[in-house]
Ligand code: TYD
Ligand code: MG
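In our numbering, the protein residues as written are 106 to 565.
Structure follows, in structure tokens:
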């Protein structure tokens, strides 16, 4: 008889302790340690890779063919690396109400309409509600199986009987295993069920999409706890009161992780955005100090985004505020220091705020030049020319260093109607930009090698 153990688990970060504590020593959050009891894992259940672990020589192992299933939602398929791979578990996390159920129901309908056997397990809605949603997505004539159930073993029985190729579990926090004896959504439940699903996926070559609500208050265990167990982690983000949504791949064993998919939430469900640059730029103020357009690469695709900077004197003394949204704040601190030292700008007594418009997060240093110029523009109260964009990494000596994939960035800019681009001089060679002549017809390229040169060229 396996032993029952009682432990205290932080519902926020998963930290385990043998005694109760008011504050989690790991993530420092208050009142998140809850008592949980679980049975010690029986050894047979440990192998989660589908077969017993024998020694095998690498060249004698049969390689698995990656069988991929397309959901028909292009943005989702791209973030997955070209469709979902059979036998994998894909976690879709996001705030409640952001559109996870809508996205996955659309994906399920897409898969089912291509003769796939798809099962949609819902622990949150009744079959009638799922039907209503499908109607709203105007495709309720599809052979999709729906199961409203929250007990894991019963769900597993249905899966064995129906033998689906794809299963959607909405959401992991509502499913429970009776024998574990905790409330659904607790750390132990969520982890155990995910582990069982991973095993089921490997054994039967099923694709599982599991929904995980991101929770701030620690009542439910969040998807972060599961990231290491699953094959692919996607986060669905966006401002609740704006209608566009970003699907971001943060882990993918079968594709790149820096891809994003962009959608708008309409009354008939999620629509793919064909031209994301237009979406991010359509509310851009013109001839206003502090606004700069930068062509960044998001995974395999160029995207024009607006960076806004605001530099205002901090009247109350003390340490000035430095806040950045959508950019690494350490990177911004470096750029501020370079502006101060190499371009002679007095920023030490200014509060500085930087924002990437539209909830985009920029990871690459190619946006440095744009950040620097948005701050400079705001400080001097001089607007940047409206049809100019800029790209380049800034070094500590104030030099502007070349960035990769320049041609794609320039083409995207030209497509969106920009007619000038400030770029690193190091990028201005025919070997890097093979069709320079052709691009030059639409877009004037201005090569710079220092930040100071860029500052001389960009303003109206
Ligand atoms: P939902 O998918 O239920 O969110 P989650 O599963 O992440 O909690 O989406 C909830 C919101 O989406 C809800 O406020 C209604 C809105 N919505 C639309 O705007 N259009 C639609 O076609 C659908 C189905 C939902
Ligand atoms: Mg939902």
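Idealized CB from N, CA, C, for every residue including glycine.
{"Check": "Cα-Cα, which of 555, 388 and 519 is closest to residue 642?", "Outcome": "Nothing can be reported for residue 642, as the shown portion of the chain is limited to 106 through 565."}
{"Check": "Can you check the stretch 194-240 for any beta strand (DSSP E) of at least 3 residues that lies completely inside it and give the ranges in chain order?", "Outcome": "194-199 and 223-227"}
{"Check": "Closer than 7 Å to a non-hydrogen atom of ligand 2 - does that hold for the CB of residue 568?", "Outcome": "Nothing about residue 568 can be read from this structure; the chain reaches only from 106 to 565."}
{"Check": "Please classify residue 151 as buried or exposed, where buried requires at least 16 other C-beta atoms within 10 Å of its C-beta.", "Outcome": "Because residue 151 carries a pLDDT of 48, less than 50, the predicted location of this residue cannot be relied on, and the following value inherits that uncertainty. With fewer than 16 other Cβ atoms within 10 Å, it is exposed."}
{"Check": "How many whole angstroms separate the CB atoms of residue 232 and residue 213, which I take to be in contact at a CB cut-off of 8 Å?", "Outcome": "With a Cβ gap of about 13 Å, residue 232 and residue 213 do not count as contacting."}
{"Check": "By alpha-carbon positions, which one of 383, 376 and 371 ends up nearest to residue 177?", "Outcome": "376"}
{"Check": "Considering residue 253, what are the terminal residues of the beta strand (DSSP E) in which it resides?", "Outcome": "250-253"}
{"Check": "Just the Cα atoms here: how many angstroms apart are residue 298 and residue 455?", "Outcome": "51 Å"}
{"Check": "Contact between the stretch 498-509 and the stretch 386-398 is defined here as three or more beta-carbon pairs at a separation below 8 Å; is this criterion met?", "Outcome": "no"}
{"Check": "Do residue 239 and residue 210 count as a contact pair if the criterion is CB distance below 8 Å?", "Outcome": "yes"}
{"Check": "Taking Cβ to Cβ, would you say residue 222 is nearer than 8 Å to residue 268?", "Outcome": "yes"}
{"Check": "Going by beta-carbon coordinates alone, are residue 316 and residue 274 separated by less than 8 Å?", "Outcome": "yes"}
{"Check": "Answer yes or no: the CB of residue 236 versus the heavy atoms of ligand 1, is any distance below 7 Å?", "Outcome": "no"}
{"Check": "Which class does residue 418 belong to by DSSP, given the choice of helix, strand or coil?", "Outcome": "strand"}
{"Check": "Using 8 Å as the cut-off, can you tell me whether the stretch 460-470 makes contact with the stretch 539-557, which would need three or more C-beta pairs spanning the two stretches below that distance?", "Outcome": "no"}
{"Check": "For the beta strand (DSSP E) containing residue 375, name the first residue and the last one.", "Outcome": "374-377"}
{"Check": "Roughly how many whole angstroms lie between the Cα atoms of residue 563 and residue 185?", "Outcome": "39 Å"}
{"Check": "In three-state DSSP terms, what is residue 280?", "Outcome": "coil"}
{"Check": "May I have all residues whose beta carbon comes closer than 6 Å to any heavy atom of ligand 2, sorted in chain order?", "Outcome": "205, 206, 229 and 275"}
{"Check": "Is there contact between the stretch 257-267 and the stretch 294-312, where contact requires at least three CB pairs shorter than 8 Å?", "Outcome": "yes"}
{"Check": "If you drop the 5 nearest sequence neighbours on each side, which residues of the same chain put their C-beta closer than 6 Å to that of residue 353?", "Outcome": "340 and 365"}
{"Check": "Are the C-beta atoms of residue 123 and some chain D residue less than 8 Å apart?", "Outcome": "Absence of chain D from the displayed structure is noted, only one protein chain being present."}
{"Check": "At the level of alpha carbons, what is the spacing between residue 113 and residue 142?", "Outcome": "8 Å"}
{"Check": "Which residues share a DSSP beta bridge with residue 447?", "Outcome": "Answer by DSSP bridge pairing: none, since residue 447 is not bridged."}
{"Check": "Taking only heavy atoms of ligand 1 into account, decide whether any of them is closer than 7 Å to the Cβ of residue 285.", "Outcome": "no"}
{"Check": "Within the continuous beta strand (DSSP E) that includes residue 340, where are the two ends?", "Outcome": "337-342"}
{"Check": "Can you list, in chain order, the residues of its chain with a C-beta nearer than 6 Å to that of residue 510? Leave out the 5 residues immediately preceding and following it.", "Outcome": "402"}
{"Check": "State the DSSP-derived secondary structure class of residue 189, mapped to helix, strand or coil.", "Outcome": "strand"}
{"Check": "Which same chain residues end up closer than 7 Å to residue 461 when comparing Cβ atoms and leaving out the 5 residues on each side of it in sequence?", "Outcome": "410, 412, 430, 431, 432 and 467"}
{"Check": "Output yes or no for whether 8 Å exceeds the beta carbon distance between residue 342 and residue 464.", "Outcome": "yes"}
{"Check": "Kindly indicate the opening and closing residues of the alpha helix (DSSP H) around residue 515.", "Outcome": "511-520"}
{"Check": "From what residue to what residue does the beta strand (DSSP E) around residue 402 run?", "Outcome": "396-403"}
{"Check": "Would you kindly work out how many angstroms separate the C-alpha atoms of residue 517 and residue 400, rounded to a whole number?", "Outcome": "8 Å"}
{"Check": "What are the boundary residues of the alpha helix (DSSP H) that includes residue 263?", "Outcome": "257-267"}
{"Check": "Using 8 Å as the threshold, is the C-beta distance between residue 334 and residue 350 below it?", "Outcome": "no"}
{"Check": "Can you determine whether any heavy atom of ligand 4 sits closer than 7 Å to the C-beta of residue 277, and answer yes or no?", "Outcome": "Summarising the ligand content, the structure contains ligand 1 and ligand 2 and does not contain ligand 4."}
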